[in-house]
Every structure is written in C-alpha cells, then in structure tokens.
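Chains as they are written, first to last, in the UniProt record's numbering: chain A, 1 to 197; chain B, 1 to 480.
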C-alpha cells in the first residue's frame with residue numbers, strides 16, 4: 001500500500017511540474033524557429049542585409065561622403081500569405097540607416113500630427129511667436145525607399161516549404177532613377193514530427 | 001476467463017461510456033444539427049446574439065473549428081467585424097494546428113479508437129476542403145469591410161493555396177480510402193448494396209460540380225482584390241480560373257474579355273471573343289455610362305444543406321446490425337436569382353447569375369468519404385456486436401439490455417458540417433454613374449426584398465454583399 005501511495009505522490013509531482021508556467025529572458029537576436037512563419041529572426045536578417053548592402057554600395061558611399069541626403073520611406077507591399085507588419089521591417093531598416101549617420105529621414109506618416117502642432121504654435125495665440133516653428137522650412141526628400149515582400153509556399157502531407165523574397169529599392173525622386181536595389185531571400189522548411197500528442 | 005476478469009472487462013467497456021456521458025452537450029450524443037438549428041432559427045429573424053453566446057461555450061472543445069466557423073459567420077452577419085475576425089483567426093489557427101500535428105499523434109489514435117466503441121462524432125472536426133476555402137474567403141471579406149485591401153489579399157492567397165493543396169492531396173486521399181475499402185471487399189460489397197439506394201439520390205446534386213472544393217466564388221473575389229490592388233495580371237489569372245469552373249457566367253466572360261483586352265493578350269482575346277460572341281463591348285468597359293464606377297453584387301443565397309441520419313443494416317460476424325449513416329436528402333432545385341431595380345429611373349439592371357453551388361460541394365464531399373466511413377463502420381459494428389455477446393455472457397439479461405441500449409444510443413451518424421454557409425452564390429457586375437443610387441433588391445423565390453442605398457465612386461468599385469437567411473437579407477456595402 002505504501003508503494004502505491006508513493007506512486008500517486010510521484011505522479012502528482014510529475015503532472016504538477018508540467019503545468020507550472022515558466023518565464024525567462026532571452027537574447028533578442030537568438031535564432032527563433034518555433035514555426036515556419038515569418039518571425040523575429042527573418043525580420044532581423046532582412047534589416048541587416050538591406051542596411052549593409054545599401055551602405056556599402058560604392059555610388060552610395062560616394063554620395064554620402066560629404067552630405068547626408070534625405071529619404072522618405074514608402075510602404076512595402078505585402079504579397080505574402082501572412083499578415084505581416086511591413087512597417088515594423090521598414091522601421092528597423094530606417095533606424096539602422098539613421099544610426100549610421102549617412103542619411104536623414106522625413107516621416108510621411110506624421111505629417112498630419114506635425115501640421116496640427118504647427119497650427120497650434122502659429123495660430124492658437126498661446127505660443128510665444130519667437131519660439132514657434134515657422135511654416136515652410138521642412139526639407140524635401142531626395143530619395144524614396146520602397147519595396148515588395150513576396151512568398152511562395154509549398155506543402156505536402158508532412159513537409160512545408162516557405163520561400164520569402166524581400167526586395168528594397170532606393171529611387172532618386174528628381175530623376176526617377178533607381179540608385180540602389182537589393183533583395184533578401186529566406187527559405188524555411190518545416191517537417192511534421194513522427195510522434196507526438 | 002475467471003469471473004473476476006470477466007467483470008473487469010465488462011467494467012472496462014462501461015467506463016468509456018460513463019466518461020463521455022459528461023460530453024452530453026457535445027455532438028457525441030446530441031446530433032450537431034439539433035444543437036445548431038434553434039440558433040439558425042434565431043438568425044432567420046435577425047436575432048444573432050443568442051447564437052453567438054451559445055457558440056461561445058464551444059470555442060474550446062474538440063469541434064472548435066466548426067463552432068468557430070459558425071460563430072465567425074454569424075458575427076459577420078451581425079456586422080461585428082472584430083468578433084468575426086477573431087473567431088475566424090482562431091479557427092484558422094486550429095486548422096493549422098491540426099495540420100502540423102505529429103504524423104502519429106496520441107490524441108488522434110485515442111479519437112480513432114473511441115470511434116470503435118462510440119461513433120464518428122468522437123473524431124475531432126477537421127473541416128472539409130470546401131469549408132476551409134470559405135473560411136479564408138470570409139475572412140477576406142472582413143478585411144475588405146475594414147478597407148484593408150492588403151489584408152484581404154493575404155486571405156485570398158491563403159484560400160487559393162488551400163484550393164491548390166486540396167487539388168494535390170485530394171486524389172491521393174480518395175485513392176487511399178478506396179484501397180483500404182478494397183481490402184475488405186467482401187463485407188464492403190454487402191455494405192455497398194445496402195447503402196446504394198440511400199446514396200443514389202445524392203448523385204444528381206453531386207453531379208453539378210466537378211470537384212468537392214473548387215470554388216469559383218473564391219477565385220472571383222481574389223480577382224477583385226487584385227484589381228483593387230492594381231494588379232490586373234493577377235486578377236486576369238483568377239478570373240480565368242473562375243471561368244473554367246463556371247464557363248456560362250456572362251459576368252465572368254465580360255471580366256475575362258475586358259482584362260484580356262486591357263493586358264494586350266491578343267491571341268487569348270481572339271479565342272475568348274469567338275466563344276463568347278454574345279458579350280457586348282459596351283458591357284465590358286462601361287463605355288455606355290458617363291463617369292462610371294462599378295457595382296459588384298455578391299448574393300449568398302439560403303443555407304447549406306444539412307445531413308440526415310439513416311440506418312443501414314451492415315454485416316458483422318454476429319449477424320446484421322443497424323448502423324447510422326449520414327446522408328443528404330435535399331433535392332436539387334433550380335437557381336433563384338436576385339433582381340436589382342432602380343425605382344427612380346424605372347430601370348432593371350439585370351439578375352444575378354450562379355457562381356458557386358455550395359450544396360453540390362457539400363454533397364460531393366460526403367460522397368467521397370463513404371468508403372472510409374464504411375470501413376470504420378464495419379470495424380465498429382463488429383466491436384459492438386462482440387460487446388453485446390460479452391455482456392450477455394458476463395452480466396446476463398441486465399448486461400444484454402444495457403449493451404443493446406448502449407448500442408442504440410451510441411449509434412449516431414456524424415451530422416457535422418458548416419451549416420451557416422450559403423446554399424449557393426450568385427454574382428452581378430454592372431457600371432453605374434457615380435453618386436448615390438437608391439436600389440431595390442428582390443428575391444422572388446423567397447419573397448424577400450429590401451431597399452438599399454449604394455454610393456458609386458468614379459472609376460471605383462462598390463461591393464454589395466447580400467446574404468439571404470430565410471426571408472431576411474443581411475446587406476453590406478463597401479465602396480472603394
């Protein structure tokens with residue numbers, strides 16, 4: 001009988017241990033392969049590749065040696081089979097480029113909010129005009145950054161093959177010439193496990 | 001076998017019975033249609049809240065895919081987009097989880113094993129091919145209603161991938177089921193003879209479609225999404241796929257001609273023009289109407305058919321046993337178009353034309369599953385007959401009564417399927433002058449009618465989605 005009791009206790013312990021939620025901190029750049037879906041590692045790989053490629057492209061190095069031109073970021077078209085926040089990818093790319101000091105950026109998504117603040121400063125009568133930001137001093141962007149994000153998914157009973165292709169282009173607005181472009185390909189394969197719950 | 005052992009083995013047969021008695025609200029003992037029909041009755045009189053509350057309780061069970069699909073659909077009817085998106089997303093997640101499960105899964109084996117002593121309802125619901133395609137497509141509608149065209153693009157691509165996958169996997173699966181059936185050919189022969197008369201009535205309806213999942217409606221919506229995204233080439237490909245499935249739909253013919261012309265596909269244009277010589281030029285590009293925009297009408301008509309239970313005698317080593325099979329008994333009825341008028345101008349636009357026979361998809365899909373079902377039934381009825389004899393030997397008359405009682409109540413056909421899907425889908429597409437139009441829509445077959453205002457933007461597209469449930473229209477307009 002004693003043996004049975006021990007067994008029951010043991011079982012309770014095993015079951016209980018399985019249920020405790022555990023939380024721990026991990027390195028944000030650690031490779032993540034929970035599923036074959038778009039994930040943090042893909043985002044980081046894309047951002048790193050794009051920024052390195054842009055900043056090491058000889059004509060761009062030449063252009064940016066003496067001045068830091070201004071870029072505005074257009075949207076990345078999501079043509080994949082997942083709801084991906086492409087703005088998050090462009091945010092990462094923009095931040096990295098900005099931190100290199102080679103380019104400066106204007107943010108078109110914040111024009112409305114900035115306009116409101118301008119109007120408040122200049123027209124509300126509440127702001128000391130000596131400190132108010134003046135109209136018409138915004139600087140026009142010289143380049144536009146835009147791109148596409150496409151994927152091909154193949155699936156069989158047991159294997160899922162996902163291919164992503166991220167393309168980014170830098171266009172000079174005045175001439176319409178694409179001054180730089182690059183793409184990052186990612187391929188992932190997930191296999192169903194043989195045994196499991 | 002000692003008496004003690006016999007009692008033990010009898011008890012082991014009763015335990016599963018007791019353990020599932022707790023599931024009395026699930027479809028194992030109560031058929032799915034019995035649970036759903038009162039809720040659908042509510043939807044027929046615009047009372048969706050009760051249904052949403054009841055379905056909420058089923059979001060976690062083994063049939064969650066099914067209940068979530070129903071709930072997402074009803075939330076969509078009620079125009080609660082956020083709830084609908086959440087439910088569909090949860091259903092999509094559950095489908096993916098099911099597909100990514102281990103090849104040999106312990107829980108699957110458990111479910112399969114329990115069908116031997118219970119019925120097919122113990123297998124978790126996986127979703128039929130055509131249902132999964134609709135799941136993605138209806139989610140696309142949610143994104144469209146939120147004016148998120150790119151999001152809608154994601155969902156239609158998923159729907160198309162699902163159709164392609166189904167096409168590849170499908171043949172393999174049907175073949176596998178038939179092979180398995182052939183191994184048991186002698187018993188199968190007898191079973192089929194009994195089943196044949198019951199299923200012959202389904203042939204007429206199943207014959208209306210070539211496959212059980214190919215859906216022109218999905219391809220058409222995806223064509224429209226691509227046009228909205230300004231990708232006419234992709235739109236052209238999907239319109240052509242839809243046309244392959246429904247070659248007689250004149251709206252589809254026009255779209256294919258219009259895009260073939262716009263994209264400079266000269267050879268194809270010539271070929272199509274020679275087949276569809278009835279289609280007029282002016283209809284294709286709306287040159288007849290000044291400052292025009294397009295009105296695209298999707299009419300989702302009625303409700304998908306429901307499975308019924310029939311009892312068929314199947315042979316077992318201990319004699320024949322009445323076995324419950326699901327069957328569709330609803331006959332094919334003609335297409336009932338929706339008419340659109342503009343009372344102010346006394347003009348009749350035209351009527352909708354069929355694009356998808358959901359009824360036929362459902363029937364065809366059930367037909368394809370019959371061989372697998374018969375194999376499972378043969379194994380089960382053998383197990384149940386053995387149980388009956390075992391019970392008589394060990395527990396005498398009481399055991400006999402109990403076991404026959406158990407066999408009768410546990411023998412339930414699997415009647416699960418997505419019931420709030422439409423019976424069929426029809427479309428209409430026309431050019432209208434820009435501005436607000438007061439339209440009247442009328443469905444003669446059911447007597448339902450309604451007035452609706454649609455706003456047309458110049459060079460834009462306005463989607464008018466009309467869903468008929470009973471004699472009630474649920475109407476959504478989305479202007480781009």
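All C-beta atoms, glycine included, are put in the ideal place defined by N, C-alpha and C.
Exercise for the section: Quick one: list the residues of chain A neighbouring residue 167(B), beta-carbon separation under 8 Å, in chain order. Expected result: Within chain A, no C-beta atom comes less than 8 Å from the C-beta of residue 167(B); the nearest is roughly 12 Å away.
Problem - residue 180(A) - partner residues in DSSP beta bridges - result: 170(A).
Handout entry: Any chain A beta carbon closer than 8 Å to residue 133(B)
Key = Using a Cβ-Cβ cut-off of 8 Å, residue 133(B) does not count as an interface residue toward chain A, since no Cβ of chain A sits closer than that to its own.
Problem - Any chain B beta carbon closer than 8 Å to residue 52(A) - result: No, residue 52(A) lies away from the interface with chain B (no Cβ there is under 8 Å from its Cβ).
Handout entry: Residues of the UniProt repeat "TPR" (216-249) of chain B with Cβ closer than 7 Å to any Cβ of chain A, in chain order
Key = For the UniProt repeat "TPR" (216-249) of chain B, no residue has a beta-carbon sitting nearer than 7 Å to a beta-carbon of chain A.
Exercise for the section: Take residue 120(A) and list the residues in its own chain whose beta-carbon comes closer than 8 Å to its own, dropping the five residues that flank it on each side. Expected result: Apart from sequence neighbours up to five positions away, the residues of its chain that approach residue 120(A) with a beta-carbon distance below 8 Å are 126 and 127, ordered along the chain.
Practice task
Please go through the same chain and pick out, in chain order, the residues whose beta-carbon is closer than 7 Å to the beta-carbon of residue 145(B), but skip the five residues on each side of it.
Solution key: Excluding residues up to 5 positions away in sequence, 81, 476 and 478 lie with their Cβ nearer than 7 Å to the Cβ of residue 145(B) in the same chain.
Exercise for the section: Could you spell out where the beta strand (DSSP E) holding residue 103(B) opens and where it closes? Expected result: In the DSSP assignment, residue 103(B) falls outside any beta strand (DSSP E) and carries neither an H nor an E.
Exercise for the section: Tell me, please, whether the region 149-165 of chain A touches the region 76-89 of chain A by the rule of three or more beta-carbon pairs shorter than 8 Å. Expected result: Yes, they touch.
Practice task
Assign residue 205(B) to one of two classes, buried (16 or more other C-beta atoms within 10 Å of its C-beta) or exposed (fewer than that).
Solution key: The residue is buried, with at least 16 neighbouring Cβ atoms inside 10 Å.
Practice task
Count the C-beta pairs between the region 87-100 of chain A and the region 126-144 of chain A that are closer than 8 Å, then say yes if the count reaches three, no if not.
Solution key: Counting Cβ pairs under 8 Å, fewer than three are found: no touch.
Handout entry: residue 115(A): first and last residue of the uninterrupted alpha helix (DSSP H) it sits in
Key = Counting along the chain, the alpha helix (DSSP H) containing residue 115(A) begins and ends at 111-123.
Practice task
Could you work out which residues of chain A lie near residue 161(B), taking near to mean beta carbons separated by less than 7 Å?
Solution key: Neighbours of residue 161(B) on chain A, chain order: 81 and 153.
Problem - Helix, strand or coil at residue 18(B) according to DSSP, with G and I counted as helix - result: In this predicted model, residue 18(B) has a pLDDT of only 43, less than 50, meaning its place in the structure is not dependable; the value taken from the coordinates is given anyway. Helix at residue 18(B).
Handout entry: Unbroken stretches of the beta strand (DSSP E), 3 residues or longer, contained in the region 47-107 of chain A
Key = Secondary structure remark: continuous beta strand (DSSP E) runs of at least 3 residues inside the region 47-107 of chain A, in chain order: 70-79 and 104-106.
Exercise for the section: Compare the C-beta of residue 157(A) against all C-beta atoms of chain B and say whether one is closer than 8 Å. Expected result: At a cut-off of 8 Å between beta-carbon atoms, residue 157(A) makes contact with chain B.
Problem - Proximity below 8 Å, CB of residue 296(B) to CB of residue 147(B) - result: Not a contact, by the Cβ cut-off of 8 Å.
Practice task
Please classify residue 23(A): is it buried, with 16 or more other beta-carbons within 10 angstroms of its beta-carbon, or exposed?
Solution key: The Cβ neighbour count for residue 23(A), taken over all protein chains shown within 10 Å, is under 16; the residue is labelled exposed.
Practice task
Use the C-beta contact count for residue 428(B): other C-beta atoms within 10 angstroms, 16 or more gives buried, fewer gives exposed.
Solution key: When all chains shown are included, residue 428(B) counts as buried.
Practice task
Helix, strand or coil for residue 266(B), going by three-state DSSP, please let me know.
Solution key: In this structure, residue 266(B) counts as helix in the three-state DSSP scheme.
Practice task
Under 8 Å between beta-carbons, which chain A residues line up against residue 150(B)? List them in chain order, please.
Solution key: Neighbours of residue 150(B) on chain A, chain order: 77 and 78.
Handout entry: In DSSP terms, what residue 202(B) is bridged to
Key = Paired residue(s): none; residue 202(B) is not in a bridge.
Exercise for the section: Spell out a yes or no on whether the region 154-168 of chain B and the region 133-140 of chain B are touching, meaning 3 or more CB-CB pairs, one atom from each, closer than 8 Å. Expected result: The region 154-168 of chain B, when compared against the region 133-140 of chain B, does touch it at the 8 Å Cβ threshold.
Practice task
Tell me, please, which residues DSSP counts as bridged to residue 243(B).
Solution key: The partner list for residue 243(B) (beta bridge, DSSP) is empty, contrary to what the question assumes.
Practice task
Please report the residue range of the alpha helix (DSSP H) in which residue 354(B) lies.
Solution key: Note, residue 354(B): premise wrong, no alpha helix (DSSP H); beta strand (DSSP E) at 353-356.
Handout entry: Opening and closing residue of the beta strand (DSSP E) in which residue 139(A) lies
Key = Taken as a continuous stretch (DSSP letters only), residue 139(A) belongs to no beta strand (DSSP E), as it is neither H nor E.
Handout entry: Secondary structure of residue 476(B), DSSP reduced to three states
Key = In this structure, residue 476(B) counts as strand in the three-state DSSP scheme.
Problem - Endpoints, alpha helix (DSSP H) assigned at residue 137(B) - result: For residue 137(B), the uninterrupted alpha helix (DSSP H) segment begins and ends at 129-145.
Exercise for the section: Decide if the region 67-76 of chain A is in contact with the region 103-119 of chain A; the criterion is three or more beta carbon pairs, one per stretch, under 8 Å apart. Expected result: Verdict: yes, contact present.
Exercise for the section: Note down, in chain order, every chain A residue with its Cβ under 7 Å from the Cβ of residue 158(B). Expected result: Residues of chain A with a Cβ closer than 7 Å to the Cβ of residue 158(B) are, in chain order, 81.
Exercise for the section: Give the straight-line distance between the Cα atoms of residue 435(B) and residue 458(B), rounded to the nearest whole angstrom. Expected result: The straight-line gap from Cα to Cα measures roughly 8 Å.
Problem - Whole-angstrom distance between residue 194(A) and residue 98(B), CA atom to CA atom - result: Between the C-alpha atoms of residue 98(B) and residue 194(A) there is a straight-line separation of about 14 Å.
Practice task
Please specify which runs of the beta strand (DSSP E), each continuous and at least 3 residues long, are wholly inside the region 293-344 of chain B, giving them in chain order.
Solution key: As far as the region 293-344 of chain B is concerned, its whole beta strand (DSSP E) runs of at least 3 residues are 307-316, 319-328 and 339-342.
Practice task
Measure the alpha-carbon distance for residue 187(A) versus residue 162(A) and round it to whole angstroms.
Solution key: Spanning the two alpha carbons is a distance of roughly 6 Å.
Handout entry: Collapsed DSSP secondary structure at residue 161(A) in the structure displayed
Key = In the displayed model, residue 161(A) falls within a strand according to three-state DSSP.
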